[in-house]
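Undergrad:
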Amino acid sequence: MSPAVTVVVTTGDASSRAELETALRQTHPGIPIVDLGGLAVSEALSLPAVAKSSHLWFLTHDCRPAPGCLDELLDAIGATESIAAVGPKIMHDGRIVSAGVTTTSAGARFNPVGTGEIDQGQRDSDIDTLALDMPGMLIATADLERIGAPSRILGPPHRGIEYSRRLRDLGRRVVVAPAARLEISADHAVRLGSSAHPPVSKAQIRAEQRYRLSLAHPSLPALICLLVLSGLKDAVLGLLANDVRTASWHLSALLGLGADARATAKVRRANVRRSRIAKRGGSAHLAALFANPDELAVARRSMHAAEETRRDHERHGTATPDEADLHQIGDTEEEIDSFSRLEVSGGPGLFRQPLTYLIVLAAAMSGFLSHRLFGPGHLTGGALGSTDVTLRDLFARLLDPTDDVSTGILAPADPYHAVLTMLSLPFLGDVDLMARTLILLGPILAVIAAYACARIVVKRKWVRALAALLWIAAPVFTTAIPAGRLGVILAWITAPLVVLALRRSLRSGSVAAAATAGLLLFVVIAGIPLMLVVGLVLTAYLLATGRGLRHLWLLVPTVALAWPWLLGLFREPGALLVMPGQTLAPPAPPTYLLALSYPSPVDMTWASTLLRGLGIHGVGAEALALWVPLLLVPMLVLAFLTLIEARLKLRKLMWAVGLYLSGLLLATVQILLPAQVGPFQLIGSYPAAGLTLLSLGAVMLLALGAERTTAKSTSRRRIPMRSLAGLVAVAALGMIVLGIGSSTSSPDVVHAQESARIPALAADRAASEARARTLTLSEVDGQVLASLISTADGTVVGTSTIHAAEALGGWPWERRPLPIPADQVLIAQSAASLSADDAVDVRSLLSRLGVDFVLVDPQSARLANSVAATSGLLRVGPTEAGTLWQVDAPTSGRYLIREADGSLTTANVSGDTVQVPAGTDGRSLVVSTPADDLSASLDGVELPRPDTAGADWAAAFSLPPSGGTVTLSSSSPLYAPGVVAGLGLGLICLLVAIPFGSRTHPRASQEAKP
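Just so we're aligned: the sequence shown equals residues 240 to 1249 in our numbering.
Next up, the structure:
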């Protein structure tokens, strides 16, 4: 008796069932067809066609079984009792679509059949497989009661896999009957390939997610956590690849995770119940049938290659080759190796690369210039300041415009602080380690960046090496390293990279390259604020010449990450002239040295001392400095010959000369403009911006000249020019030696120091809730120099270009100091009283400043005697930082409560709140901070100012008799969220700048200029 078979469809669509009935009349007449769509298992088993059948054959409306297909399936399933399901070889248009499928252990679908694989008998063996695709699957009717009907929740690629795993969990086998053949439509065939990566649609991601949720293992909470983490990872990777659409698909799938979990809950519970009955604790019994990730990766590459070939032929209008030709069986070893992109051919050795020797030279240069960095403690001195701060201090500086310097300032953080914060993150917030690493690696990174950038204008490696050597030999860079000018070091590393990224944007039209150039330009601006003007001019030029709106990305990172500082520039544009970091006052160089890239006169004291040690006397440092320009004569000769004989392209020559002349003009203007107010004189603007442009132009001109003049046709003319290029390299080495020598005699150098600027007792009181200050006194050239030290003074966070510019006013040609504010007048009065050799009582003056300690420099013995004679101070004793006195007053710190009778008591402070006890009317809270920078509120109600508030510089607020908790605020509540939003936009700029998957514009090559 032949088995009774019933064809099953699960669509719930009457038209689909009718279509299948019409097709089966020709090959398999008389077989009943039932639709189980929406029916429970008990309802399905009660159907007469199902109850009378021995086997169920699952087909879809587009299935066209070949004659004899059913007979082959019946023979296969009856071969042994262990076989629970068999499936045919699924075909389309003469190509194999599926002959058994599997998944990776993570649940990604893997179809061993390649795209468009022609049937050559390679899939004709009867083998066990993890699963079968649903079209053509044959099972025993009795198994329907055990495992139920296929899930309509899952998509076609995973419906058969999940259904087959139900049988596998019961210990049954699933095999392919290759002699049975079944045709399906093209739309259906496309959906039965391997899991594509990147995904081709949002539906693919949701389908894979639902399949994983339908399985019994792992547990649901663990699986959901895994899916969330995986989805976030894929979304971030999509953004990094500039593939916003794919990233949105993954995020959308995450949002639909709850709905998918609810939709598959019934299937999952049934699978868990069957696994428990079968005593299956996991998927270990299926491990041998899973595909490994490497197999899936190979299949995906094959899919991508076939798709790219098809698109290329469509783009060029040629006929698409037979897909079978792309997947021939028995590829040769050479064809397989062609998939690899690894370069295995030989190349020049490491010691034949000029860059190797440049790195060694830069490392030696760094060691000589930065040897003072080695040692315990933290860095201090120079333009860097103390690195004894934490990452939390840097973030606090970014999120709050108040800075605890002197009596307190209200100014936004510089872009310099944002860069330091970002650079500290890879060092786990260790600011000191970050600064040491940056200074030590600065020459090495700068020479690598310059060597890479030089290939834009020159091709030969030794000329590129010469350009990189000239770049790091620039005096403005060699003097910045020992002085700790991190801004110049950062600019010297990133400026060549800006040129590289901008060139790539112009040539390829890459938005990622434009964003990269914008981020690097932000770092340059952070180190040298005046480069903002250069960035604006460059962006305006690119937009005006039609180079693409993508170049707006040059300014987006600066606007996003430094918008508070940019708003401050509208009020104080002079901040562009101020260098970030601690204030140094180097003298302005003569113009001829400025043209040679020297930011200050050459200090030859070290050479004079060396000559005296050798027995040569009478040679002063000033006389030696006059001979320094002779060292640069080879450079001048090469530049002259380049201009008259090199026959360079006019565009390149104009860029080189234009950069040099504009840089020289800008540097000349800078040294003539005062930028800051020093203790005893005005401090001119440091010409870093102009010298950066000047150095770029000079290096470009010399590199072009070295390549062109040494490429003559005859060796008679080539040898002298190569000798001249060699002398230029020697001159560059001489400039590095001069920089190293000058650093040995310079007082403004960075060094490691264990002790703090103020003694531990004063530092502890400053860090306490009282926030007490220390007044330091020193004697310089017979004059008393007073400084009020708060928690941020002298540190990398205790600077502000906006605040420094506020001390000057007037037009650029008549900039002059403005009158000092009242708090600085009070500091001057306190210093005058302490140094007057009189027994005057200074406690009231110091209490108004929040001063608890007075510290006198150890080199100022006369000044220490004057302070000792002052009334109201208790001598603590000598310390490493100097002699320390404590103010003998009943109050402490900068937060005081003034009673109605004028007496003062110390307020109880906790963070930004002050606990005020109940008292009499007429009291006021006095905070030794400028009044305009602070506001106070009690229970949400702003406290009024007392009638006498205008008579003093300090902030004062009237207190009610009931007391309470007073909240102090110094900035808008929207300031910190605005800064965080800017940081988020900066992160988006970073994601856009990642070059993976970036798109290019076809017009870019036409827009690009060499």
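C-beta atoms are modelled at their ideal positions from N, C-alpha and C, and glycine is treated no differently. Here the structure is a predicted model, which means the values were calculated and not measured.
Suppose contacts are defined by Cβ-Cβ distances below 9 Å. Is Pro389 in contact with Asp372 by that definition?
TA: No; because the gap between Cβ atoms is not below 9 Å, this pair is not in contact.
Undergrad: Fully enclosed by the stretch 1090-1178, which beta strand (DSSP E) runs are 3 residues long or longer?
TA: If we require 3 residues or more, the beta strand (DSSP E) runs fully inside the stretch 1090-1178 come out as 1090-1095, 1112-1118, 1121-1126, 1134-1137, 1143-1145, 1147-1149, 1152-1155, 1163-1169 and 1174-1177.
Undergrad: Do you know offhand how far Ala691's Cα is from Ala1067's?
TA: The alpha-carbon atoms of Ala691 and Ala1067 are separated by roughly 53 Å.
Undergrad: How is the alpha helix (DSSP H) around Asp1003 delimited, first residue to last?
TA: Looking at the DSSP string, the run of the alpha helix (DSSP H) that includes Asp1003 is Ala999 to Ala1006.
Undergrad: With a threshold of 7 Å on Cβ separation, who are the neighbours of Thr503 within its own chain once the five nearest residues in sequence on each side are excluded?
TA: Ile392, Arg449, Leu452 and Ser453.
Undergrad: Among the candidates Pro682, Phe613, Ser424 and Thr341, whose CA atom is the shortest distance from the CA of Ile598?
TA: Cα-wise, what sits closest to Ile598 is Pro682.
Undergrad: Buried or exposed for Phe590, going by 16 or more other Cβ atoms inside 10 Å?
TA: Exposed, by the Cβ-count rule.
Undergrad: In three-state terms, what does DSSP make of Trp866?
TA: Trp866: coil per DSSP, three-state reduction.
Undergrad: Return the chain-ordered ranges of every beta strand (DSSP E) run that is complete within the stretch 774-852 and spans a minimum of 3 residues.
TA: Correct list: empty.
Undergrad: Per DSSP, what kind of secondary structure is Ser954 in: helix, strand or coil?
TA: Confidence at Ser954 is low in this model, with a pLDDT of 48, below 50, so the placement of that residue should be treated as unreliable; the coordinate-derived value is given next. If DSSP states are grouped into helix, strand and coil, Ser954 belongs with the helices.
Undergrad: According to DSSP, what are the bridge partners of Ser328?
TA: Checking the displayed sequence, the identity of residue 328 turns out to be Lys instead of Ser. Paired residues: Arg420.
Undergrad: Nearest by alpha-carbon distance to Ser962: which of Leu912, Ala1031 and Val876 is it?
TA: For Ser962, the nearest C-alpha among the options comes from Val876.
Undergrad: Any idea what DSSP makes of Ser453, helix, strand or coil?
TA: Here Ser453 sits in helix by DSSP.
Undergrad: Can you tell me the Cα-Cα spacing of Gly757 and Gly902, whole angstroms?
TA: C-alpha separation (whole angstroms): 21 Å.
Undergrad: Is it a yes or a no for the stretch 851-871 touching the stretch 1004-1011, going by three-plus beta-carbon pairs under 8 Å?
TA: In short, these stretches do not touch, since the Cβ pair count stays below three.
Undergrad: Could you pull out every residue in the same chain whose Cβ sits closer than 8 Å to the Cβ of Val817, ignoring the five residues on either side in sequence?
TA: Within the same chain, Val817 has close Cβ partners Pro768, Ala914, Gln915, Ser924, Thr1040, Ala1043 and Ala1044.
Undergrad: Suppose you measure from the CA of Asp561 to the CA of Leu745; what does that come to, to the nearest Å?
TA: No answer about Asp561 holds up, because its pLDDT of 45 lies below 50 and its placement is not dependable.
Undergrad: Can you give me the Cβ contacts of Ser321 inside the same chain, cut-off strictly under 7 Å, excluding the 5 residues immediately before and after it?
TA: Counting only Cβ-Cβ distances below 7 Å, and skipping sequence neighbours, we find Arg411 and Arg412.
Undergrad: Mind pulling the alpha helix (DSSP H) runs of 4 or more residues that sit fully within the stretch 889-922?
TA: Segments of the alpha helix (DSSP H) lying fully in the stretch 889-922: 889-911.
Undergrad: How many Å lie between Gly569 and Cys308 at the Cα?
TA: Low confidence applies to Gly569: its pLDDT is 41, below 50, so where it sits in the model is not reliable, and the reading given next is rough at best. Going by the C-alpha atoms only, they are around 29 Å apart.
Undergrad: In whole angstroms, give me the CA-to-CA distance for Asp564 and Ser522.
TA: Note that Asp564 scores a pLDDT of 43, beneath 50, so its modelled location is shaky; the value from the coordinates is reported in the next line. Looking at the two C-alpha atoms, the distance is approximately 38 Å.
Undergrad: Could you check the C-alpha separation between Glu811 and Val1115 for me, to the nearest Å?
TA: Computed Cα separation, rounded: 43 Å.
Undergrad: Using only CA atoms, which one of Gly980, Phe809 and Gly1033 lies nearest to His610?
TA: Taking only the C-alpha atoms, the option nearest His610 is Gly980.
Undergrad: Below 6 Å CB to CB, which residues in the same chain sit around Ala1193 once its five sequence neighbours on both sides are set aside?
TA: Correct list, in chain order: Val1165 and Ser1167.
Undergrad: Of all the beta strand (DSSP E) runs that stay within the bounds of the stretch 963-1022, which reach a length of 3 or more residues?
TA: The stretch 963-1022 contains these whole beta strand (DSSP E) runs: 990-992 and 1012-1019.
Undergrad: Thr660 and Leu623 - do their beta-carbons sit closer together than 9 Å?
TA: Cβ distance not < 9 Å, so Leu623 and Thr660 don't count as in contact.
Undergrad: How about Val750: is its Cβ closer than 8 Å to a heavy atom in the ligand PLP?
TA: Here there are no bound small molecules, and the ligand PLP is not part of this structure.
Undergrad: Any idea which residues DSSP pairs Val340 with across the strands?
TA: The partner list for Val340 (beta bridge, DSSP) reads Ala370.
Undergrad: Short of 6 Å in beta carbon distance, which residues of its chain neighbour Leu833, apart from the five on each side in sequence? Order them along the chain.
TA: Excluding sequence neighbours, Leu833 sits near Ala906.
Undergrad: Does the beta-carbon of Val263 have 16 or more other beta-carbons within 10 angstroms, so that it is buried, or is it exposed?
TA: The sequence shown places Leu at residue 263, rather than the Val named in the question. Counting Cβ neighbours within 10 Å, Leu263 comes out buried, since at least 16 surround it.
Undergrad: Should Gly859 go down as buried or exposed, given a rule of 16 or more other Cβ atoms within 10 Å for buried?
TA: The residue is exposed, with fewer than 16 neighbouring Cβ atoms inside 10 Å.
Undergrad: Would you mind giving the Cβ-Cβ distance between Ala801 and Pro654, rounded to the nearest angstrom? I have them listed as a contact below 8 Å.
TA: Their Cβ separation, rounded to whole angstroms, is 4 Å, which keeps Ala801 and Pro654 in contact under 8 Å.
Undergrad: Please say whether Ala722 and Val988 have beta carbons closer to each other than 9 Å?
TA: A contact, by the Cβ cut-off of 9 Å.
Undergrad: Rounding to the nearest angstrom, what Cα-Cα distance links Pro1200 and Val1095 in this structure?
TA: Rounded to the nearest angstrom, the two C-alpha atoms are 42 Å apart.
Undergrad: Go ahead and label Lys518 buried or exposed: buried means 16 or more other beta carbons lie within 10 angstroms of its beta carbon, across all protein chains shown.
TA: The residue in question, Lys518, is exposed, as its Cβ has fewer than 16 Cβ neighbours within 10 Å.
Undergrad: Does the beta-carbon of Phe716 have 16 or more other beta-carbons within 10 angstroms, so that it is buried, or is it exposed?
TA: Buried: at least 16 other Cβ atoms inside 10 Å.
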